Structures are given as C-alpha cells and as structure tokens.
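Numbering (the numbering used here), first residue to last: 450 to 768. We put the CB at the ideal spot given by N, CA and C, even for glycine. For clarity, every value in this text was computed on a predicted model and none was experimentally measured. Let me begin by presenting the structure, written as structure tokens, before commenting on it.
Have a look at this one:
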C-alpha cells in the first residue's frame, strides 16, 4: 500500500525517472541495441496516441458553455508578450557572443510557446476550471502561431520562411493535437452520453495517460542532451536558466490570477508550456541546441506540477 500511495502522490517524478533510466539503459548497454531499434517505431506511435487520449478524456469533462474569454486570459497574454520583448532585447545585446545568444534563444523557446495542451489536466487535478483553461489553450495557441513566425526570422536572418506559410504550419500542428480531441469530446458529450459518463467516472485516467506521455518525452529530452555537441557549461547554463524561468513564469501567472480571480488557472497558463511545439520551432527556426531549453523546461514544469499536486492533496486531506 505504501508503494501504491507513493506512486499516486509522485506520479510525474516517477514518469520522469522512468523515461530517463530507460533511455540511458538502452544507450549504455550495447546488447539492447537490437531491441532499441525494434521499439523506436513503436514509441513513435504510442506517444501521439497517449497525447490524444489525454486530451480526449479531459475534453469529455469540459463544460463547453463556460468556454469564453476571461480577464485573466488577457493578463497572462500581456505578461507573455512583455517577457518575449525583454528576451528579444537581451538576445540583441549579446548577439556577438554565440554561446550567450544560444542560451537566450533556448530561454525564448520556453516563453513564446503556447500553453500546454495537457494543462487542463493539471488544472482539473488542482480544483481549477477546466473549461476556461481549455479556452486559454486555444487563444494561446493562436497567439503563438502569430508570434513565432514574426519573431524567430528576425533573430535568425538566414531563415527565409513566408509568414503565412509558417503560421499555417504551426496552426496545423496545434490543430491536430488540440482541436481533434476537443471536437470528439464535444461529440461524445452530445451523442454518446453513456460512454462519456463512464470516461468521466474515471477522474485520474487522463492524468495517467499524460504520465506515460511525459515518460516518453523525458526519454527524448535525455536523448537530445546526450547527443548534443554543445559544451557542458552551455548545457548547464541552459538547464539553470530554464529552471529559474519556470519559477518566474509560475509566480507571475499566480500573481496575475490572484488579482483577477483565477489563481490556479493563471499560474498554469503562463508557466506550463507546449514544449513539443517549442522543440519543433527551435529546430525549424533557430539551432538544435536551442531545443534543449524546452527539453529541460518540460522536466522543471512537471516537478513544479508534482509539488503543486502534493500540496493540494495535503490541504484537501486536512480539510
């Protein structure tokens, strides 16, 4: 019982540790190379499947009547824009130093990205409003689809991608991950109510689907770090900077939410990022090393999520 309780309380750190240990085991044990080659395409299929299931199960619980803009949405978006502007200013100041520029570009990918598609899952576990959080994810995705093709080509003049082309590419990636399960969740609520009720009756299903996705994401992150040609100093600076950024965005988001009545939602909205999209745009527009920033960020944000969930569970049990 103690082990089961531990796994329930610390599901996300366990998922991170599992992904890390699994990848490093396959990397350092040559006898497992054949198994690694066999399992790689399997994980390529499993990962998007569990991301889809995570969101689909969550959206079966969404009250679509509550999906409308709120004041805290505007507050969080303004904060994101200000952080992006400050980061761009720093990049231009350190442009002559290649490593410093890479460091701040890695940080930028963790600011400019949209709110994580799975953030409503955590919001639901923390007693927040899943519906308003889902609305913000949609708004945030559209905002990032506009920001990314505007900002990144300015930083890397060598990249020549038409704005409309880049906008549609990003929107397509977000739509496949986000809109399809959202539409299916709505259809389930209206036309397959019995099955939908059974899904809703399993409150932790989406959370555990997400934990499996996180384990795979962690393995990919560790792989990118192990195979990176960046110096250890730069990697350490990226890891430390994204760790600090994670807490900064968390507290700014919470501060905004405290004044606008949505403390839990606002905190998650600003700091919990769609790191898969951030990694992709870093490869497309910037430099492979910049993608390590988003890779580290996914670990930090889920450690914070674990602390939040543990703290919320303690408070709930006391009350």
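Using the C-alpha atoms, what's the distance from residue 669 back to residue 739? Within the chain shown, residue 739 is the residue found at index 290, counting from 1. Within the chain shown, residue 669 is the residue found at index 220, counting from 1. Looking at the two C-alpha atoms, the distance is approximately 15 Å.
Candidates 590, 650, 646, of which the one nearest residue 628 by Cα: In the chain shown, counting from the first residue as 1, residue 628 sits at position 179. If we check each option's Cα against that of residue 628, 590 comes out closest.
From residue 755 to residue 460, what distance separates their C-alpha atoms? Working through the chain shown from its first residue, we reach residue 755 at position 306. Working through the chain shown from its first residue, we reach residue 460 at position 11. The C-alpha of residue 755 lies about 8 Å from the C-alpha of residue 460.
For residue 564, which residues does DSSP report across the bridge? In the chain shown, the residue the question calls residue 564 occupies position 115. Bridge partners of residue 564: 722.
Cα-Cα separation, residue 598 to residue 516: Stepping through the chain shown from its first residue, residue 598 is reached at position 149. Stepping through the chain shown from its first residue, residue 516 is reached at position 67. Computed Cα separation, rounded: 27 Å.
Length of the line joining the Cα atoms of residue 553 and residue 537: To locate residue 553, count along the chain shown from 1; it is residue 104. To locate residue 537, count along the chain shown from 1; it is residue 88. Residue 553 and residue 537 have their C-alpha atoms roughly 8 Å apart.
Note the first and the last residue of the continuous alpha helix (DSSP H) segment covering residue 686. Within the chain shown, residue 686 is the residue found at index 237, counting from 1. For residue 686, the enclosing alpha helix (DSSP H) has its first and last residue at 681–709.
Work out the CA separation of residue 692 and residue 744 for me, nearest whole Å. Working through the chain shown from its first residue, we reach residue 744 at position 295. Working through the chain shown from its first residue, we reach residue 692 at position 243. Just so you know, the alpha carbons of residue 744 and residue 692 end up roughly 11 Å apart.
Any chance you could list the alpha helix (DSSP H) runs of at least 4 consecutive residues sitting entirely within the region 455–487, in chain order? Here the runs fully enclosed are 460–477.
Under DSSP, the alpha helix (DSSP H) around residue 738 begins and ends at which residues? Taking the chain shown and counting its residues from 1, one reaches residue 738 at position 289. From DSSP, residue 738 is part of no alpha helix (DSSP H); its letter is neither H nor E.
Go through its chain and collect everything with a Cβ distance to residue 655's Cβ below 7 Å, but skip five positions before and after it. Here residue 655 refers to the residue found at position 206 of the chain shown. Excluding sequence neighbours, residue 655 sits near 503, 506, 507, 570.
Going by alpha carbons, who is nearest to residue 638 out of 514, 715, 548? As a working note, residue 638 is residue 189 in the chain shown. Measuring from the Cα of residue 638, the nearest candidate turns out to be 514.
Residue 712 to residue 511, Cα distance in whole Å? Taking the first residue of the chain shown as position 1, residue 712 is located at position 263. Taking the first residue of the chain shown as position 1, residue 511 is located at position 62. Here the C-alpha atom of residue 712 lies approximately 19 Å from the C-alpha atom of residue 511.
In chain order, what residues of the same chain lie with their CB nearer than 7 Å to the CB of residue 444, ignoring the 5 residues before and after it? Not covered by the structure: residue 444. The range shown for the chain is 450 to 768.
Tell me which residues share the same chain as residue 468 and place their Cβ nearer than 6 Å to its Cβ, disregarding the 5 neighbours each side in the sequence. Taking the first residue of the chain shown as 1, we reach residue 468 at position 19. By the criterion of a C-beta distance shorter than 6 Å, residue 468 is surrounded in its chain by 664, 667, 668, once the five residues flanking it on both sides are discounted.
If the criterion is Cβ atoms closer than 9 Å, does the pair residue 582 and residue 568 meet it? Here residue 582 corresponds to residue number 133 of the chain shown, with the count starting at 1. Here residue 568 corresponds to residue number 119 of the chain shown, with the count starting at 1. Going by C-beta atoms, residue 582 is nearer than 9 Å to residue 568.
So residue 511 is in the alpha helix (DSSP H); what residue range does that whole segment cover? Sequence index remark: in the chain shown, residue 511 carries index 62 (1-based). For residue 511, there is no enclosing alpha helix (DSSP H), as DSSP gives it neither H nor E.
Just how far apart, CA to CA, sit residue 544 and residue 550? Residue 544 sits at position 95 when you count from the first residue of the chain shown. Residue 550 sits at position 101 when you count from the first residue of the chain shown. Residue 544 and residue 550: Cα-Cα distance of roughly 6 Å.
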